[in-house]
Structures are given as structure tokens and as C-alpha cells.
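For reference, the structure discussed in these notes is given below.
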Ligand code: SF4
Ligand code: SF4
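Numbering (this note's numbering), first residue to last: 1003 to 1508.
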């Protein structure tokens, strides 16, 4: 039965007719069919109800004839029944389904990075000019010994402590898990190329690592998730580190689903499943129901990789993250990966993305404190994800206790993403979250990887500038040093959880 939609359009498409040359570029660029040329009338038409606001047509219009902006038409103002609530409800009345979305949580929860400020040196401790003096951003991920035993014989110094494997990265910024399947081959390859060029890591997500990209393995964190897609000994050994994925910030507690129509012959080969079948990731890892079970998997993976790779365990930031993290470290995890409330996704139920989990700032501070209190902080590195927007956020996270940060959305934005949140449709006009060959060929890995390298270079340089301003020449000296932070506009309980003083307190 045909059912007319009662939803209001989200965007207005304004086409300045005096500028439009009817080249039809916008028509070709829009996978959502928001533009159409009508031969009979020799003019372009717009369909505002189809527009998702991805801005691809605006960027590519050769005459700047297009403006896409939020639709001003609205329901009667109502503090309780906002436009979004009404639209979602109407959508469900029309479909009877779960509302899906992509990207990260866009709700107005407090962004703590915007309420934390960094210190700088004045008079008593001189600042350092990073252009003239060496600044160290190199970071080692993995378990560290509590102390080093040395054997010294004249000039010969031998370390006799048994060291566990660590991965060295040239900047404390790592590309977060994004699977081949959720993102295009071109986007996946761009991340691998950029990580390799800059000396950092990318994360395969749960979709395996295509054979021809295994040359980037020494820059890869390979994931072992609940679906076990693409996991075999060769995959595990072709990596810098292995990550067990328990949870994800955008959808804590639930699994994933890549529809069969997206499982092309290439994706099926990489994931080791038949072409065209649904790739279902169960919500739990079916062999993990306790810390002891987790420990068994950690050691199975260490065994499979000859104890040469650090093993990371990734969880979503939830209320009892500190106790869980403590258990993970005791179970043998070398890296604790925490993914916060604002972590992105290719597809998640909107109700889960927007309502489940806690902000990464709070999770990080409380996990770091718990591990310190228990005297086990050295036994694992902390990698945090979910909501980093610039190098200031990164440095604040390190001062709060992180060893390094995972970035996802900033990497996508560097490649062209405009946060339209339509990743789950498979029609990403920027060629990122799609498997449609017409769309994926829009992303050139040579160009996209260069944009990613530029982003890493820019942020790394800014971090060095901020460190220099603090009179510090190594990122290691800031790690977990909350005295470099002050809170602005925060309640006492928030300062307490974050473990920072208020601005003006000494
Ligand atoms: S891309 Fe610009 S100039 Fe070309 S048809 Fe569309 S609006 Fe007109
Ligand atoms: S990846 Fe593509 S579909 Fe997803 S938010 Fe970005 S532009 Fe939109």
C-alpha cells in the first residue's frame, strides 16, 4: 500500500539560475537522485526530500550555482517535541523499523575537551622552540616493565629484564578500526598507505586484510571480532598488533550486520564467507563470558603470533569500564582500547548510538586512575577513541592518561566526508562508505592518503608547538600528568572524576 511520507524535508536546494550552465554535474554526483535534468523544459529540477546534505554537488558545481542549507520550515516550536523527535517518530510510523544512522553521536552531551585547558610556561620555566630543538612524539604501545634490571660491564650495558613486545609509532595518533566492507577498498587502502608513510598504524576493523594490502601489515592492528571474519594465522602474523574487539562506542552491547548485497566477491574473499551472504557479527564473542575466557583468547592469540605482537582488547566506554579494564590487564591485555560515546560507525541503531555509553574523557580518566591505584598502569597502554576533533583534544587526552588516540571521523573528513550520517545507505557520494563501483572510483587512494598524511603532519606539528609552549620536549612527560590541565565551567563532581583542578587553582 502506498503511504505518503509526512516528514518535512531536511534541506533546501537553492539553484541560482543565473549561474547554472546545466552541465548536469550535480545530477551525476548525487547517488540519492536529488537533481534531475528535464530535456523537455531544458532545465534542472531539485528533489529536496531526497537531499541528505552531503554537499558533494555544491563542491563540484563548476559555477558555484548551488547552496544546500537546513530547511527553515519547521513544526510549531516545542521544547519537548523537537523537530528531530517528530521526524523520527513519523519515520517509524511509515516504516515500522529501527531507525539506522551512521557517524558518531551528535547530541548535546557535554564535550569535556571544550572545558579543559592546557598549561604553558611563563618566566620560571622557559618554553622550547620546536623548530630549533628536537621534540619527541614517538610512542611505544604495549606492556612495560615496572623497572629495568641492567648488567653493566664497563661501557657494555645489557638489559636483563625480559621485555614484552611493543609497537613504536611516530605520533600518538592511530587510525581507528574501519573495516573493508564498512568502507570502500579505496578508503581502506588510503588509510593503510598513510599509516605506512607517516609511521603510525591503521586498524583493519573486523573485515580482514585483503591479500594485496598485506604489504602494509607492519602498520596494521588486525582485529579479531565476534564474527572472526578473515581471521587465520597468516592474518594474525601479518600485523603490528592484534586487537580483540569486545565493544564499540557507537553501539555498546550490540553486534553488527553487513547486508549480503554489500558482500562482493572481493569482500567475501577477505572475510572468508560466501559472496552475497550477510556478514553477521554476534553481540558477544561467543567464547567469552568471563575474564578467564578473555584471558584464554588473549593467550591463544599470543600463542598464534609467537608472543611477538602486543594484544589489545577494545571495549566501549561504559559505567564500569575501570573494573573491566583492570580485569583485562590482569587477563594479559597489552593495550586497553576504550571507545567513547561519540565514537563513529558505518551503521548503528540511532537509539543506541545516541543513548548508550559514557563520554570518553570520563572513561579515560577513571580507567587511568583505577590502573594506577592498583599499580598495574605500566602493564598496558591505553588507546582512546571517540570524539577527537583536533590536536588540542589529542594532547588533553594524553594529559588525562592516554598513551595514544584512535581517530576515525577526522580521517574520513580528511578524505572528503561531510558527516551527513548516511553511511548505512551504502550510497556515500564521497566514495568512502560504499561498495558501489561508480561511487568508490571517486576516491583516489594516492590523493586521499596524501590528505591523511597532511592531517597527521599538521596535528603532530601543533602538538609539538603546544608541548614547546609548556616547556616540554617529549610527549612522554605529559602522559597522565593532569597538572597540565585545568577545568573551566565544570561541577565539582566532574573535576573529581577527571582528576583535574579548576582554573585558577594552584
Ligand atoms: S552542477 Fe551547478 S552548473 Fe551544473 S547543472 Fe548543477 S547547479 Fe547547474
Ligand atoms: S562517510 Fe560518506 S555517507 Fe558517511 S557521513 Fe561521511 S559523507 Fe556521509
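Idealized CB from N, CA, C, for every residue including glycine. Given the structure is predicted, the values throughout are model-derived calculations rather than measurements.
Practice prompt. Could you give the DSSP three-state label for residue 1294: helix, strand or coil?
Written response: Three-state DSSP puts residue 1294 in a helix.
Worksheet item: What is the DSSP secondary structure of residue 1089, counted as helix, strand or coil?
Response: helix
Item to complete: Grab the span of the alpha helix (DSSP H) containing residue 1455 for me, first residue to last.
Response: It spans 1447 to 1471 - the alpha helix (DSSP H) in which residue 1455 sits, taken as one unbroken run.
Worksheet item: Along the chain, which unbroken stretches of the beta strand (DSSP E) at least 3 residues long are found entirely within the region 1038 to 1068?
Response: Entirely contained in the region 1038 to 1068, the beta strand (DSSP E) runs reaching 3 residues are, in chain order, 1045 to 1048.
Worksheet entry | For ligand 1, residues whose Cβ lies under 7 Å from any non-hydrogen atom | A residue is listed when its beta-carbon falls short of 7 Å from at least one non-hydrogen atom of ligand 1; in chain order these are 1017, 1021, 1022, 1023, 1024, 1025, 1026, 1027, 1028, 1029, 1037, 1046, 1059, 1062, 1063, 1064, 1065, 1067 and 1068.
Worksheet item: CB of residue 1414 to nearest heavy atom of ligand 2: below 7 Å?
Response: yes
Item to complete: Taking all protein chains shown into account, decide if residue 1341 is buried (16 or more other Cβ within 10 angstroms of its Cβ) or exposed.
Response: buried
Discussion item. Can you check which of these residues, 1329, 1269, 1209 and 1178, is closest to residue 1298 by C-alpha distance?
Written reply: 1329
Item to complete: Measuring alpha carbon to alpha carbon, tell me which of 1091, 1315, 1449 and 1270 ends up nearest residue 1300.
Response: Out of 1091, 1315, 1449 and 1270, 1315 has the C-alpha closest to the C-alpha of residue 1300.
Practice prompt. Please confirm whether residue 1461 and residue 1396 have their CB atoms less than 8 Å apart.
Written response: yes
Fill in: Beta carbon of residue 1434 nearer than 8 Å to that of residue 1417
yes
Worksheet item: So, residue 1367 versus residue 1500, is the Cβ gap smaller than 8 Å?
Response: yes
Worksheet item: If you measure from the CB of residue 1442, is any heavy atom of ligand 2 nearer than 7 Å?
Response: Set against 7 Å, the gap from the CB of residue 1442 to the closest heavy atom of ligand 2 is not smaller.
Worksheet item: For residue 1356, does the three-state DSSP call read helix, strand or coil?
Response: helix
Worksheet entry | Rounded straight-line distance, which links the Cα of residue 1415 to that of residue 1408 | 14 Å
Item to complete: May I ask you to list the residues that DSSP assigns as paired with residue 1004?
Response: The partner list for residue 1004 (beta bridge, DSSP) is empty, contrary to what the question assumes.
Discussion item. Between 1205, 1282 and 1044, which has its C-alpha nearest residue 1257's C-alpha?
Written reply: 1282
Worksheet entry | residue 1275 to residue 1442 span [Cα, whole Å] | Approximately 22 Å between the Cα atoms of the pair.
Discussion item. Between the alpha carbons of residue 1171 and residue 1263, how many angstroms are there, rounded?
Written reply: Pairing residue 1171 with residue 1263, the inter-Cα distance amounts to about 37 Å.
Worksheet item: Which residues does DSSP pair with residue 1030 in a beta bridge?
Response: Beta-bridge annotation (DSSP): residue 1030 is not paired with any residue.
Worksheet entry | Alpha carbon of residue 1448 to alpha carbon of residue 1378, nearest angstrom | 42 Å
Worksheet item: Helix, strand or coil for residue 1437 per DSSP?
Response: Secondary structure at residue 1437: coil, using DSSP grouped into helix, strand and coil.
Discussion item. Could you check whether the region 1045 to 1062 touches the region 1017 to 1033, counting it as contact only if at least three pairs of C-beta atoms, one from each stretch, sit closer than 8 Å?
Written reply: yes
Worksheet item: Which runs of the alpha helix (DSSP H) fall wholly inside the region 1082 to 1133 and span at least 4 residues, in chain order?
Response: 1085 to 1097
Item to complete: Just tell me which of 1087, 1352, 1400 and 1419 has its CA closest to the CA of residue 1252.
Response: 1352
Practice prompt. Examine the Cβ distances between the region 1011 to 1018 and the region 1064 to 1072 and report whether three or more of them are shorter than 8 Å.
Written response: Inter-segment contact for the region 1011 to 1018 and the region 1064 to 1072 is present: three or more beta-carbon pairs are separated by less than 8 Å.
Worksheet entry | First through last residue of the alpha helix (DSSP H) which encompasses residue 1237 | 1235 to 1239 is the span of the alpha helix (DSSP H), which, as asked, contains residue 1237.
Worksheet item: What is the residue span of the beta strand (DSSP E) that residue 1488 lies within?
Response: 1487 to 1489
Worksheet item: Around ligand 2, which residues pass a check of Cβ closer than 6 Å to any of its heavy atoms?
Response: 1056, 1104, 1105, 1414, 1419, 1420, 1421, 1422, 1423, 1424, 1425, 1430, 1432, 1434 and 1435
Discussion item. Do residue 1117 and residue 1489 have their beta-carbon atoms positioned less than 8 Å apart in this structure?
Written reply: yes
Discussion item. Whole angstroms are fine: how far does the CA of residue 1454 sit from the CA of residue 1528?
Written reply: One cannot answer for residue 1528 here, as it falls past the ends of the chain, which runs 1003 to 1508.
Discussion item. Using only the alpha-carbon positions, how far apart do residue 1136 and residue 1248 sit?
Written reply: 39 Å
Worksheet item: Exposed or buried, which one is residue 1222 when buried takes at least 16 other CB atoms within 10 Å?
Response: buried
Fill in: Same chain only: Cβ atoms within 6 Å of residue 1402, ignoring 5 sequence neighbours per side
1366 and 1367
Worksheet item: Where do the ends of the alpha helix (DSSP H) carrying residue 1231 lie?
Response: No alpha helix (DSSP H) contains residue 1231, which DSSP labels as neither H nor E.
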